[in-house]
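First the structure, in the form of structure tokens, and then the observations on it.
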Amino acid sequence: MSIFPKRSVPGGTVTIHWNFNTAHLKDVHIFPWVRIGVRDPKGKETMLFEKHVLGLPDPVGPKKRYVKKLKYLNKNLPLMIVADYLGGRQKTERLVEILQNIQSGRHYYFTYHVPEDAPAGKYTLISEVHSGGEVRYSKTAADDYFFIEKITLERIVEDASEAIVFNHSEERTPVKVIGCHPLPEGKMHTDVEVFEIPPLQETSIKMSAPVSYLAYNEERQIIPLQYGSSGYLLRNQCIPQAAKADGSIYLFKKDVEEAYALEEAHKLLWEKANGLINTASLSDNEKPLLDEMAAEGLIHKVSFD
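Just so you know, UniProt numbering puts 135 at position 135 of the sequence shown, and the rest follows in order with no gaps.
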């Protein structure tokens with residue numbers, strides 16, 4: 001079986017691939033009862049598939065080398081599934097068998113919707129094929145699991161330039177801390193540290209850059225290591241701009257013939273709205289300017305939630 005992604009979050013989705021192999025059927029058919037499901041860290045089971053599946057044998061007859069007959073419908077198998085098998089812990093003989101049976105197999109895909117209140121930790125797959133009183137289990141059982149991750153920012157220790165985060169999972173969780181150093185002309189230099197956070201405890205992260213972020217869940221989840229996860233100012237990415245030689249900036253909205261000519265104060269706020277600053281950092285003079293530009297759809301307040 002294959003799982004994509006191997007790491008998700010509460011409220012996310014996980015796709016599970018199951019291969020029903022019929023290549024071994026020569027002159028008999030099978031009609032097993034198949035159960036595919038997920039078991040969470042607390043032992044709760046969610047069944048995704050419980051049905052009888054019919055498998056019929058290949059035709060038997062003389063093989064003529066000069067006659068090429070199609071035996072199977074084309075399988076549009078995602079390349080990532082093959083890559084997942086290659087990266088697994090199966091023995092070489094078992095891996096060869098799995099790959100040889102991919103084309104002859106019948107491929108099923110199931111979607112597991114992770115509950116919003118799902119416990120973080122390791123989830124294992126249930127794969128049972130009941131036939132003739134016997135139960136067959138997945139040949140890739142050693143790799144049939146995925147992780148649900150959850151990390152939260154607990155507090156900022158400003159005097160020590162530290163962020164305290166909490167890992168809600170019972171498993172160690174890999175994270176990436178990115179320190180951002182803004183440079184002139186809108187450029188940026190970053191430094192990166194990658195490590196694992198221990199399970200079910202707080203971890204202190206040293207912040208050595210003006211702006212720092214923590215990325216986890218294969219970098220799909222981003223946590224700003226500063227107070228407030230919402231209200232980050234970002235220029236409307238759908239608006240083209242024209243910068244003139246004299247430093248003036250004009251903004252063009254879709255379906256509107258007229259352009260916005262930014263005054264100096266508005267221009268400074270426009271340039272400042274790069275997605276890295278929070279509304280809490282604005283001065284009293286900048287706040288009404290933000291209200292004006294937000295009302296026109298020029299600047300958005302984005303959230304990392």
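Using N, Cα and C, we set each Cβ at its ideal position, and we do this for glycine too.
Quick caveat: nothing in here was measured; it's all calculated off a predicted structure.
| query | Roughly how many whole angstroms lie between the Cα atoms of H29 and T13? | reply | Straight across, the Cα-Cα distance linking H29 with T13 is about 35 Å.
| task | Express the C-alpha separation of L276 and P235 in angstroms, rounding to a whole number. | result | It is Arg, not Pro, that sits at residue 235 in the sequence shown. About 11 Å.
| task | Note the first and the last residue of the continuous alpha helix (DSSP H) segment covering D291. | result | In the DSSP assignment, D291 falls within the unbroken alpha helix (DSSP H) covering 286 to 295.
| Endpoints, the beta strand (DSSP E) within which K51 is located | Annotation for K51: the continuous beta strand (DSSP E) segment containing it runs 45 to 52.
| Is it true that the CB of Y145 sits closer than 8 Å to the CB of Y123? | The answer is yes: Cβ separation under 8 Å.
| Cβ contact (3+ pairs, closer than 8 Å) linking the stretch 208 to 221 and the stretch 174 to 184 | With three or more CB-CB distances shorter than 8 Å, the stretch 208 to 221 counts as touching the stretch 174 to 184.
| task | Verify whether the separation of the beta carbon atoms of E149 and R7 is less than 8 Å. | result | For E149 and R7, yes; Cβs fall inside 8 Å.
| query | So R172 and P199 are in contact, right, with Cβ under 8 Å, and what is the actual spacing, rounded? | reply | Their Cβ separation, rounded to whole angstroms, is 6 Å, which keeps R172 and P199 in contact under 8 Å.
| request: Drop a sphere of 10 angstroms on the beta-carbon of H59, count the other beta-carbons inside from all chains shown, and report buried for 16 or more, exposed for fewer. | output: A small fix is needed here, since residue 59 is Pro in this sequence, not His. Its Cβ having fewer than 16 others within 10 Å, P59 is exposed.
| Which runs of the alpha helix (DSSP H) spanning at least 4 residues fall entirely within the stretch 166 to 202, listed in chain order? | Entirely contained in the stretch 166 to 202, not one alpha helix (DSSP H) run reaches 4 residues.
| query | Does the Cβ-Cβ distance between V165 and I197 come in under 8 Å? | reply | Taking 8 Å as the Cβ cut-off, V165 and I197 qualify as a contacting pair.
| said: In whole angstroms, give me the CA-to-CA distance for D40 and L298. | reply: Spanning the two alpha carbons is a distance of roughly 44 Å.
| Counting along the chain, where does the beta strand (DSSP E) carrying K122 start and finish? | 121 to 131 is the span of the beta strand (DSSP E), which, as asked, contains K122.
| request: Return helix, strand or coil for S161, following the three-state DSSP convention. | output: S161 sits in coil when the DSSP states are folded into three classes, being neither helix nor strand.
| said: Helix, strand or coil, according to DSSP, for E154 in the structure here? | reply: Of the three classes helix, strand and coil, the one that applies to E154 here is strand, per DSSP.
| message | Can you tell me where the beta strand (DSSP E) holding E264 begins and where it ends? | response | First-last for E264: 264 to 272, but that is the alpha helix (DSSP H), not the beta strand (DSSP E).
| field | Span separating the alpha-carbon of F31 from that of A142 | value | About 26 Å.
| Between T46 and V53, is the Cβ-Cβ spacing less than 8 Å? | No, they are not a contact pair.
| Distance between T279 and T15 (C-alpha atoms, nearest Å) | Distance from the CA atom of T15 to the CA atom of T279, rounded to whole angstroms, is 38 Å.
| query | Does the distance from the C-beta atom of P115 to that of K42 stay below 8 Å? | reply | Here P115 is not near K42, since their CB atoms are 8 Å or more apart.
| request: Could you say which of F304, Q201, S127 lies nearest to Q226 if we only look at CA atoms? | output: The residue with the shortest Cα to Cα distance from Q226 is F304.
| said: Can you tell me which residues form a DSSP beta bridge with G37? | reply: Listed as beta-bridge partners of G37 by DSSP are M47, I126.
| request: Would you give the residue range spanned by the beta strand (DSSP E) that Y213 belongs to? | output: Looking at the DSSP string, the run of the beta strand (DSSP E) that includes Y213 is 211 to 216.
| query | S8 by DSSP, collapsed to three states: which one? | reply | Annotated three-state conformation of S8 is strand, per DSSP.
| query | Would you report the Cα separation of A295 and E50, rounded to the nearest angstrom? | reply | Between A295 and E50, the C-alpha separation is close to 52 Å.
| query | DSSP puts G231 in a beta bridge; with which residues? | reply | Under DSSP, G231 forms no beta bridge with any residue.
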